Amino acid sequence: MSRYLLRRLLLLVPVLLGVSIVVFLVLHLSPGDPAEIMLGPQATAEDVAGLRAALGLDQPLPIQYAHWMAHVLQGDLGRSIRMRQPVLGEVLTRFRATLLLTVTALLLSTLGGITLGVISATWPHSVVDRLSTLGSIFGASMPSFWLGLVLMVCFSLWLGWLPASGMYGAHGAGSVADLLSHLVLPAVTLAAASMTIIARLTRSTMLDILRQDFVRTARAKGLVERAVVLRHALRNALIPTVTVVGVQAGYLLGGAIFTETVFAWPGVGTLMVQGILARDFPLVQGCVLIVALVFVLFNLAVDLLYAMLDPRIRYE
Amino acid sequence: MTPAQSERRVRPRPGNRLTLAALIVLAAAVLVALLAPVLPILDPDSVDTPNRLKPPGTPGHLLGTDEFGRDMLARLAWGARISLLAGVGTASASMLMGVLLGLHAGYWGGRVDMIVMRLTDILMAFPYILLAIAIVAGLGPGLANAMVAIAIVGFPIYARLVRGVVLSLREREFVEAARALGSSDRVILRRHLLPHLLAPVVVAFSLDVGAKILATAGLSFLGLGTQPPTADWGSMLATARTFVILSPHVALLPGLAIFLVVLALNILGDALQDYLDPRLRHG
C-alpha cells in the first residue's frame with residue numbers, strides 16, 4: 014500500500030504542474046493586453062504600464078510563469094484588483110461555504126442514492142424502483158440551475174417553508190438552525206443528479222450480487238433478509254459505488270458554481286463569476302487554482318480509498 | 004460493420020414509445036429553430052414595457068411576456084436556434100479535435116501518444132465546467148468564446164475513446180494486410196481505421212450534444228455566454244432569475260425547453276447505443 018501511495022503521489026506532480034500551467038495561461042488567452050482589459054478603456058497609459066509591471070507582464074512568458082509559481086508556492090496568489098485584498102484569504106474564506114455546500118450535497122447524494130438503490134434492488138419494479146428509474150432519466154437532463162429555480166418557486170414562494178437565498182437570514186443570523194434552513198434547497202439542488210446516478214449504480218450492482226452463490230448460502234443458513242441485504246450484499250456493492258461517489262464529488266464541486274449563483278450562496282463559485290465579469294484575473298486564477306487543487310486531491314483520496322476497500326486493486 | 008448492419012436504418016424500435024416521443028420532441032425543436040424567421044410569431048427583441056411580465060395565456064402572448072414585455076414564445080423559438088446550434092457546434096468541434104488527436108495518438112504511439120494523453124490528463128484534472136469558465140475568463144464573455152471553451156474541455160473524452168479503439172485495431176490482420184500491400188499510413192488511417200470509429204463516435208456524439216447544450220446554457224446562465232438582448236435559453240434563465248418570485252413563468256419556460264430537448268437527446272442517444280451495439284440490443 015505504501016508503494017502504491019508513493020506512486021500515486023509522484024504521479025500527482027506532473028498533473029499539478031500541468032494544472033498550474035493551464036491556470037497561468039488563462040490570463041494570456043486574452044487577445045490583447047491583459048492589463049488594458051483589466052483596467053478598462055478609461056485607464057491612462059501610466060496606469061496600464063504600472064499594472065503590467067506589477068503583474069510582470071513585460072517579462073517573457075516562461076519567466077512570468079516562474080515568478081507566478083514561486084509566489085504561489087509561498088501562498089501568494091496576488092491581490093484582487095476589484096477588492097484590493099490578497100486573493101488567497103478571500104478565496105479560502107469563500108471556499109469554506111463552497112465546501113460546506115459540496116460536502117452536504119455529497120453526503121445527501123451518497124446516503125440517498127445508496128438507500129434508493131438498495132430499496133430498488135430489493136423490491137425491483139416497485140413504486141420506489143420506478144420512481145428511481147424515472148429520476149435517473151430526468152436527473153441527467155435537468156439543468157441544475159433550473160431545478161434550483163423550480164425548488165425555490167415551490168418551497169420558498171408557494172409554500173414559504175424555506176428561505177430563497179443567501180447563507181444566513183437578516184434575523185437570527187449566525188445560528189445553526191438558520192444556516193441549515195438556508196442550506197436545504199442548495200444542497201438538494203446540487204445533490205439531485207448525483208443521487209440518481211448513485212442509486213442506479215447501487216441498484217444494478219446489488220441485483221448482480223443478490224444473485225450470487227454466497228448470498229444464496231447466507232439465505233440457506235437462515236439469515237434474515239435484512240442481514241443478507243445489508244451485511245452481505247451491500248458491503249460488496251459499495252466498492253464500485255465509492256468510485257462513482259468520487260467522480261460525483263468532482264462534478265459537485267464544479268456544479269456548485271451554478272447552485273451558488275441561483276441561491277446567492279457566498280461561495281467561491283459566485284466569487285469567480287464576479288471576478289470574470291469584473292475582469293479581475295488574479296482573483297479568477299486564484300479561485301480556479303484552489304478548486305482544481307482540491308479536485309485533484311479529492312480524486313487521489315478516492316483512488317486510495319478504493320485501493321483500501323478492495324485489496325485486489327494495486328495499479329501497475 | 005457488416006453490410007447487413009450498414010443497411011439498417013436508424014429508427015425507433017417498434018413499440019418503444021419513449022424513443023418515438025423523444026424523436027417527436029427533438030424534431031419539433033429543430034423545426035421551430037429552423038423556421039423561427041418565418042413562423043407567425045412576434046419579434047423576439049420587440050420591447051413592450053406596459054405589458055411586462057404578463058402570465059401565459061395573455062391575449063397576443065400565448066406564453067406570456069418577460070421583464071421587458073418581450074414575447075416569451077418568440078424568444079423561446081429564437082432561443083432554440085442558438086441553443087441547438089451551440090450544442091451541435093461544440094459537440095462537433097470536440098469530436099473533430101478528439102478524433103484527430105485520438106486517432107494519431109493510438110496509431111503512432113510513442114511520443115505522440117504520450118503528449119496527447121498527458122494533455123487529456125491535465126484537462127481532465129479540472130472539473131469540466133470550471134475549466135470552461137476559466138477559458139471564458141481569459142477569452143472574455145460571449146457566445147463564441149463560450150462555445151470555444153466548451154469545445155476545448157470536451158475533446159479529451161473523444162480522444163480517449165478513439166485512442167482506445169485504435170490501439171485495439173492497429174495490430175489487427177486487416178491493418179497488417181493493408182500495410183503489406185503497400186498502403187501508406189495516411190491511407191490506413193483514413194480508409195481502414197476511420198470507418199471503424201464511426202459507431203462508437205456517433206453514439207458518444209449523440210449523448211454529448213445534450214451535455215453540450217446544458218454546458219452552453221450553464222455558461223449563459225452565469226452571464227458568460229450569450230449576451231443580452233440575444234434570446235438564448237440559458238441567458239433567458241439568467242435574466243429571469245431576478246423575477247422568478249414575481250413571475251415564475253419567465254424562468255420555468257426556458258428551463259423546461261432545455262430539459263425537454265436534452266431529455267429527448269439522451270433518450271435517443273441511449274436508443275442509438277442499443278441499436279449500434281449488438282450486445283446491448285434487446286430482443
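Chain order of the listed sequences is A and B. Residue numbering for the first sequence follows our numbering, starting at 14 and increasing by one per position. Residue numbering for the second sequence follows our numbering, starting at 4 and increasing by one per position. In this text, a Cβ means the ideal position worked out from N, Cα and C, and glycines have one as well. Only a predicted model underlies this, so the values are computations on that prediction, with no experimental measurement involved.
Around V253 (chain B), the same chain offers D69, A243, F246 as residues with beta carbons nearer than 6 Å, after the five sequence neighbours per side are excluded.
Below 8 Å, too few C-beta pairs join the region 240 to 259 of chain A and the region 103 to 116 of chain A to call them touching: fewer than three. The beta carbon of I191 (chain B) does not come within 8 Å of any beta carbon belonging to chain A, so the residue lies off that interface. With respect to chain A, the C-beta atom of I261 (chain B) has a partner C-beta closer than 8 Å. The way I'd put it, the region 87 to 103 of chain B does touch the region 152 to 169 of chain B; three or more beta-carbon pairs between them come closer than 8 Å. Straight across, the Cα-Cα distance linking S122 (chain A) with M82 (chain A) is about 37 Å.
Within the model, the alpha-carbon separation for T233 (chain B) versus W81 (chain B) is close to 9 Å. Along the region 140 to 167 of chain A, the positions whose C-beta sits under 9 Å from a C-beta of chain B are I150, F151, A153, S154, M155, P156, S157, F158, W159, L160, L162, V163, M165, V166, read in chain order.
Taking 8 Å as the upper bound on Cβ-Cβ separation, chain B lies near residues G263, Y264, L266, G267, G268, I270, F271, T274, V275 of the region 262 to 276 of chain A.
In chain order, F158, Y161, A162 place their CB closer than 6 Å to the CB of G101 (chain B), counting only its own chain and leaving out the 5 sequence neighbours on each side.
In this structure, L52 (chain A) sits near D60 (chain A), with a CB-CB distance shorter than 8 Å. A distance below 8 Å between beta-carbons, with the five flanking residues on each side excluded, links L119 (chain A) to the following residues of its chain, in chain order: A204, S207, V258, Q261, A262, L265. For A79 (chain A), the enclosing alpha helix (DSSP H) starts and ends at 74 to 86. By alpha-carbon distance to L114 (chain A), the top candidate from A:G282, A:F227, A:F294, A:D293 is A:G282. For V33 (chain B), the enclosing alpha helix (DSSP H) starts and ends at 20 to 38.
Using a C-beta cut-off of 8 Å, the region 290 to 298 of chain A makes contact with the region 136 to 152 of chain B, since at least three inter-stretch Cβ pairs fall below that distance.
Secondary structure at R229 (chain A): helix, using DSSP grouped into helix, strand and coil.
For V33 (chain B), the nearest beta carbon of chain A is not closer than 8 Å to its own beta carbon. A check of alpha carbon separations from E49 (chain A) across A:L42, A:V36, A:V39, A:L64 identifies A:L64 as the nearest. Under the three-state reduction of DSSP, T229 (chain B) is assigned to coil, being neither helix nor strand.
Short of 7 Å from the beta carbon of I270 (chain B), and not among the five residues preceding or following it, lie these beta carbons of its own chain, in chain order: L21, T22, A25. Within chain B, the residues L133, A137 have their CB atoms less than 7 Å from the CB of V301 (chain A), given in chain order. Boundaries of the alpha helix (DSSP H) harbouring T106 (chain A): 100 to 135, taken from the DSSP string. Residue-level contact check: R244 (chain B) touches chain A, since one or more beta carbons of chain A fall below 8 Å from its beta carbon. Among the CB atoms of chain B, one or more fall inside 8 Å of the CB of G31 (chain A). Going by beta carbons, I261 (chain B) and A220 (chain B) fall inside the 8 Å limit. Every alpha helix (DSSP H) of 4 residues or more that sits fully in the region 250 to 311 of chain A is shown, in chain order, as 281 to 290.
Taking 8 Å as the cut-off between beta carbons, the residues of the region 207 to 221 of chain B near chain A are G213, L217, A220, G221, in sequence order. Short of 7 Å from the beta carbon of F177 (chain B), and not among the five residues preceding or following it, lie these beta carbons of its own chain, in chain order: H195.
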